[in-house]
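Engineer:
2 protein chains.
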Amino acid sequence: MGGSTPPTSRDVARIAGVSQTTVSYALTGKGAVSASTRQRVMEVAESIGYRPNLAARSMRTRRSGRLAVITGMTFDNQLAMVQGASEVAHAAGYVTETHSIDETVAERTDRTLELAVGGQYEGILTFVPVLPSALSSDRSTTPVLAATAFDENMHSTGELADASLLDVFVSTLAEAGHRRFLHVAGPDHYASARARRETYLAAVERLGVESLGVVGGEWPAETGRQAVLALPDDAPPLAVIAANDHLAVGVLRGAAERGWTVPGDLVLTGWDNADFGEYTMPSLTTIDVDFREGGRRAMRLLLATLRDEDPPASESPLQRIMWRESTGPVAPLD
Amino acid sequence: MGGSTPPTSRDVARIAGVSQTTVSYALTGKGAVSASTRQRVMEVAESIGYRPNLAARSMRTRRSGRLAVITGMTFDNQLAMVQGASEVAHAAGYVTETHSIDETVAERTDRTLELAVGGQYEGILTFVPVLPSALSSDRSTTPVLAATAFDENMHSTGELADASLLDVFVSTLAEAGHRRFLHVAGPDHYASARARRETYLAAVERLGVESLGVVGGEWPAETGRQAVLALPDDAPPLAVIAANDHLAVGVLRGAAERGWTVPGDLVLTGWDNADFGEYTMPSLTTIDVDFREGGRRAMRLLLATLRDEDPPASESPLQRIMWRESTGPVAPLD
DNA sequence: CTGAAAGCGCTTACAG
DNA sequence: CTGAAAGCGCTTACAG
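Residue numbers (full-length UniProt numbering), protein chains in the order written: chain A, 1 to 334; chain B, 1 to 334.
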């Protein structure tokens with residue numbers, strides 16, 4: 001109301017008739033303060049709307065209590081990862097700030113480095129790829145941890161990019177009698193897309209089934225539609241393994257446009273368990289990926305690093321197959 | 001490498017053989033410094049990896065150069081809004097930090113207030129509803145601006161929640177001969193959902209067409225599916241106005257389960273132009289909402305407030321109708 | 001063109 | 001149980 005600058009701890013001290021030290025002790029609960037003094041200080045602080053200046057506190061304590069989470073904001077599933085990470089961080093008493101950095105890998109790396117040395121964060125978790133130079137190996141600087149399903153730099157990424165269930169798709173469908181396959185892939189600079197493509201190629205090779213090859217190369221639905229439109233008339237019966245659900249819904253559309261039924265002429269699998277996949281006609285067989293839990297685990301890892309503890313052993317799988325209508329009747333191997 | 005704490009401007013000064021003042025002037029480009037001195041300072045700063053401690057700078061200048069963007073991270077379209085807002089902020093030389101705050105309105109309000117008085121941000125833009133108490137009216141404190149399509153508190157929200165195009169849906173379909181309507185609504189505590197419901201009710205009343213009422217009340221696809229499954233057998237021919245595309249895809253599924261064709265037995269409209277809507281069978285007539293531009297405009301508004309300028313006059317509409325297959329042949333009124 | 005000094009708001013040994 | 005004083009790293013009048 002009155003002045004134009006927010007009240008400081010000095011204001012509280014003056015009004016409460018105590019020292020700034022006592023205010024600090026009373027409010028942070030650290031020093032020993034008599035109950036009555038603490039009471040008075042808290043009342044004054046409340047009444048004048050005092051809130052500590054975090055920049056000042058952080059500068060003094062060299063502990064900001066803040067963690068940065070970096071995301072590219074491109075995919076819905078990043079949301080879930082961020083939420084999982086924030087959840088764990090908050091439970092541990094940290095505040096998280098999400099920085100959405102699009103732009104190139106090099107720029108992201110720069111920005112991440114800035115955040116790391118800016119002294120505002122105690123740790124940084126990134127869900128988008130950065131160059132290895134941004135990743136801290138020692139404890140002399142702010143720890144930067146990368147937990148990403150997508151990696152433009154050919155560096156491995158862990159369970160979120162795990163594509164082993166794609167082998168189960170191919171094996172189960174082959175078991176059910178399907179002899180001809182097609183993979184509609186995502187962009188090659190994504191570790192997840194690469195892993196799926198490689199798993200696909202290994203599976204068709206191992207099982208000795210026919211493959212019409214790997215097509216696609218982008219994530220959007222239109223790519224899936226075009227992939228089907230480009231198929232020869234005698235392609236069916238065909239099992240289409242799409243790299244995600246968006247591609248799969250495009251495949252569905254393309255099949256309808258060509259008069260092919262699913263399942264029937266085509267069977268189809270997706271990936272990610274997007275919300276619409278349960279309601280398409282037919283509904284999509286897909287992989288449910290627990291991005292939220294993936295985010296939680298990544299944050300637990302960062303927390304362990306901060307505390308110099310051993311990383312928690314990771315338990316249940318993050319992925320599971322959702323058999324639905326688009327694959328027709330199958331006898332799941334697992 | 002060496003010490004465990006990052007280099008400070010004092011370190012740079014010592015090594016470069018100048019004062020801390022000169023380092024500051026050289027690096028911020030503010031004071032008058034000779035070219036050679038500036039050169040040397042910058043080289044030293046670079047060589048020892050100096051980066052200013054933002055907390056310290058912020059405390060001194062009382063200008064953080066940072067803006068907070070608050071989101072709930074619940075909807076995909078929030079992403080686009082955040083990106084639009086960040087884009088505008090960056091262009092104006094600000095860094096934005098995205099805080100995702102789920103929890104209740106009261107808690108969000110508290111957290112927002114903390115951010116506002118924490119002294120770290122020059123302005124705050126929230127895309128999720130907060131209580132009016134968090135919204136600053138004067139310039140004595142950090143400006144907090146709410147730009148949300150969703151508002152739990154019955155306070156108006158502007159163009160993102162504008163539902164007037166729903167009237168065009170109903171009018172155009174009535175013009176095309178449809179006589180019976182149904183609205184599958186979203187949750188009532190969303191301003192956008194309320195606006196759509198009210199616009200629907202006004203439209204059917206004005207046009208004198210039959211309405212089977214307003215059903216639904218949640219956003220997910222399953223609600224749309226259930227709405228159709230609950231319909232009497234003689235409901236078709238029926239025009240279904242769904243409050244968003246997720247509900248619409250559920251309606252599509254429900255219709256298929258009952259053996260009803262779309263368009264034919266049912267015509268259907270959605271809202272938001274979700275990416276899958278172009279690929280469902282039939283594709284969804286919907287409203288394209290330019291969330292990214294909505295985010296840009298909101299940030300321009302905040303920036304104008306910060307600079308005590310007049311808010312920029314807002315130009316083109318944020319919404320437009322996408323006529324697709326789910327409404328069958330119509331002659332758009334507009 | 002350059003530097004010594006003060007101060008942003010807080011916390012924390014230290015002394016009483 | 002309480003307070004005076006120092007200092008976190010920076011910027012900025014001010015004096016030279």
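Note that CB positions come from ideal geometry on N, CA and C, so glycine has one too.
1. Start and end of the alpha helix (DSSP H) containing A/D11?
2. Determine the DSSP secondary structure at residue 386 of chain A, reduced to helix, strand or coil.
3. Within a Cβ cutoff of 8 Å, which residues of the same chain sit near B/A116, ignoring the five residues on either side of it in sequence?
4. So, at 8 Å on beta carbons, what are the nonlocal neighbours of B/R296 in its own chain, with the 5 sequence-adjacent residues on each side left out?
5. Cβ closer than 8 Å: which chain B residues qualify as neighbours of A/G250?
6. Helix, strand or coil for A/G328? Go by DSSP, reduced to three states.
7. Could you tell me the alpha carbon to alpha carbon distance between A/W260 and A/G277, rounded to whole angstroms?
8. How big is the Cα-Cα spacing for A/M154 and A/E218?
9. By DSSP's criteria, A/M299 is part of a beta bridge. Which residues make up the other side?
10. May I ask you to report which of helix, strand or coil DSSP gives A/T126?
11. Among the candidates A/G186, A/E122, A/V214, A/S19, whose CA atom is the shortest distance from the CA of A/Y94?
12. For B/H90, which three-state DSSP category applies?
13. Can you tell which of A/E222, A/R10, A/G328 has its C-alpha closest to the C-alpha of A/M281?
14. Is it right to say A/E205 is buried, meaning 16 or more other beta carbons lie within 10 angstroms of its own, or is it exposed?
15. Just by C-beta distance, which residues in the stretch 77 to 101 of chain B are closer than 7 Å to chain A?
16. What does B/H246 reach in chain A if we use C-beta pairs closer than 8 Å?
17. Which chain A residues sit within Cβ distance under 8 Å of B/E114?
18. Is it the case that the stretch 35 to 54 of chain B contacts the stretch 5 to 20 of chain B, given that we only count it when at least three CB pairs across the two stretches are under 8 Å?
19. Counting only Cβ-Cβ distances shorter than 9 Å, please list the residues of the stretch 205 to 231 of chain A near chain B, keeping chain order.
20. Looking at C-beta atoms only, is the number of pairs between the stretch 283 to 291 of chain A and the stretch 312 to 319 of chain A that lie closer than 8 Å three or more?
21. Please report the straight-line C-alpha distance between A/A242 and A/G250, rounded to a whole angstrom.
22. Against chain A, does B/M322 count as a neighbour if the rule is that its beta carbon must be under 9 Å from one of theirs?
23. Does the stretch 189 to 200 of chain B come into contact with the stretch 158 to 177 of chain B, if we say contact requires no fewer than three beta-carbon pairs (one atom in each stretch) closer than 8 Å?
24. Which residues of chain A have a Cβ atom closer than 7 Å to the Cβ of B/R253, listed in chain order?
25. Under the DSSP definition of a beta bridge, which residues are partnered with B/V23?
26. Could you check whether the Cβ of A/P6 sits closer than 9 Å to any Cβ belonging to chain B?
27. Flag residue 377 of chain B as yes if its beta-carbon sits less than 9 Å from any beta-carbon of chain A, otherwise no.
28. Once you ignore the five residues that flank A/R324 on each side, which residues in its own chain have a CB closer than 6 Å to its CB?
29. Does the CB of A/S24 have a neighbour CB from chain B at under 9 Å?
30. If we call anything under 9 Å between Cβ atoms a contact, is B/V170 one with B/V209?
31. Show which residues of chain B have a CB atom less than 8 Å away from the CB atom of A/M59.
32. Can you have a look at B/S156 and say buried or exposed, based on whether 16 or more other CB atoms are within 10 angstroms of its CB?
33. Of all the CB atoms in chain A, is at least one closer than 9 Å to the CB of B/A243?
34. Can you name the start and end residues of the alpha helix (DSSP H) that B/S171 belongs to?
35. Runs of 4 residues minimum, wholly inside the stretch 245 to 289 of chain B: which ones carry the alpha helix (DSSP H) assignment?
36. Does the distance from the C-beta atom of A/L207 to that of A/L238 stay below 9 Å?
Structural biologist: Taking the coordinates as given:
1. Indexing the first sequence from 1 puts residue 11 of chain A at position 11. It spans 9 to 16 - the alpha helix (DSSP H) in which A/D11 sits, taken as one unbroken run.
2. Residue 386 of chain A cannot be examined here, being either before or after the span of chain A that is shown, 1 to 334.
3. For the purposes of this step, residue 116 of chain B is taken as the residue at position 116 of the second sequence. These residues qualify, in order along the chain: I124, A134, S136, T141, T142, V144.
4. Numbered from 1 along the second sequence, position 296 holds the residue referred to as residue 296 of chain B. Cβ within range, chain order: G84, A85, E87, V88.
5. By 1-based counting over the first sequence, the position of residue 250 of chain A is 250. What A/G250 touches in chain B: Y279.
6. Within the first sequence, the letter at position 328 stands for residue 328 of chain A. Looking at A/G328 - three-state DSSP - the assignment turns out to be coil, as it is neither helix nor strand.
7. Numbered from its first residue, the first sequence carries residue 260 of chain A at position 260. Numbered from its first residue, the first sequence carries residue 277 of chain A at position 277. So the two alpha carbons sit approximately 19 Å from each other.
8. Along the first sequence, read from residue 1 onward, the residue named residue 154 of chain A stands at position 154. Along the first sequence, read from residue 1 onward, the residue named residue 218 of chain A stands at position 218. Low confidence applies to A/M154: its pLDDT is 33, below 50, so where it sits in the model is not reliable, and the reading given next is rough at best. Near 18 Å, if we compare the C-alpha coordinates of A/E218 and A/M154.
9. Numbered from 1 along the first sequence, position 299 holds the residue referred to as residue 299 of chain A. In the DSSP output, where bridge partners are listed per residue, A/M299 has none listed.
10. Taking the first sequence and counting its residues from 1, one reaches residue 126 of chain A at position 126. Looking at A/T126 - three-state DSSP - the assignment turns out to be strand.
11. Reading the first sequence from its first residue, position 94 is the one you call residue 94 of chain A. Ranking A/G186, A/E122, A/V214, A/S19 by Cα distance to A/Y94 puts A/E122 first.
12. Along the second sequence, read from residue 1 onward, the residue named residue 90 of chain B stands at position 90. Looking at B/H90 - three-state DSSP - the assignment turns out to be helix.
13. The residue you call residue 281 of chain A lines up with position 281 of the first sequence. Selected option, being the one with the closest Cα: A/G328.
14. Indexing the first sequence from 1 puts residue 205 of chain A at position 205. By the 10 Å Cβ count, A/E205 comes out exposed.
15. L79, V82, Q83, S86, E97, T98, H99, S100
16. Within the second sequence, the letter at position 246 stands for residue 246 of chain B. The contacting residues are D275, F276.
17. On the second sequence, residue 114 of chain B is found 114 positions in, with the first residue counted as 1. Here the neighbours are R51.
18. yes
19. P220, A221, E222, G224, R225
20. yes
21. Start at 1 with the first residue of the first sequence, and residue 242 of chain A comes out as number 242. Start at 1 with the first residue of the first sequence, and residue 250 of chain A comes out as number 250. Going from the Cα of A/A242 to the Cα of A/G250 covers about 10 Å.
22. Locating residue 322 of chain B in the second sequence gives position 322, where the first residue counts as 1. For B/M322, the answer is no, since every Cβ of chain A falls outside 9 Å of its Cβ.
23. yes
24. Position 253 of the second sequence, counted from the start, is the residue given in the question as residue 253 of chain B. For B/R253, the neighbours in chain A by C-beta distance under 7 Å run, in chain order, Y279, M281.
25. Position 23 of the second sequence, counted from the first residue, corresponds to residue 23 of chain B. Per DSSP, none; premise fails for B/V23.
26. Numbered from its first residue, the first sequence carries residue 6 of chain A at position 6. Interface residue, yes.
27. Nothing can be reported for residue 377 of chain B, as the shown portion of chain B is limited to 1 through 334.
28. Numbered from its first residue, the first sequence carries residue 324 of chain A at position 324. Taking A/R324 as the centre and dropping the five residues before and after it, the same chain places the C-beta of S283, L284, T285 closer than 6 Å to its C-beta, in chain order.
29. Position 24 of the first sequence holds residue 24 of chain A. Between A/S24 and chain B, the shortest Cβ-Cβ separation is not below 9 Å.
30. What you label residue 170 of chain B is simply residue 170 of the second sequence in a count that begins at 1. What you label residue 209 of chain B is simply residue 209 of the second sequence in a count that begins at 1. A contact, by the Cβ cut-off of 9 Å.
31. Within the first sequence, numbered from 1, the residue matching residue 59 of chain A stands at position 59. Under the 8 Å cutoff, chain B gives N53, A55, A56, M59.
32. Counting from one through the second sequence, the residue named residue 156 of chain B turns up at place 156. In this predicted model, B/S156 has a pLDDT of only 36, less than 50, meaning its place in the structure is not dependable; the value taken from the coordinates is given anyway. Result: exposed.
33. Counted from its first residue, the second sequence places residue 243 of chain B at position 243. Not closer than 9 Å to any Cβ of chain A, the Cβ of B/A243 fails to qualify, so no.
34. Within the second sequence, residue 171 of chain B is the residue found at index 171, counting from 1. First-last of the alpha helix (DSSP H) with B/S171: 164 to 175.
35. Taken in chain order, the complete alpha helix (DSSP H) segments of 4 or more residues contained in the stretch 245 to 289 of chain B are 245 to 258.
36. Counted from its first residue, the first sequence places residue 207 of chain A at position 207. Counted from its first residue, the first sequence places residue 238 of chain A at position 238. For A/L207 and A/L238, no; Cβs fall outside 9 Å.
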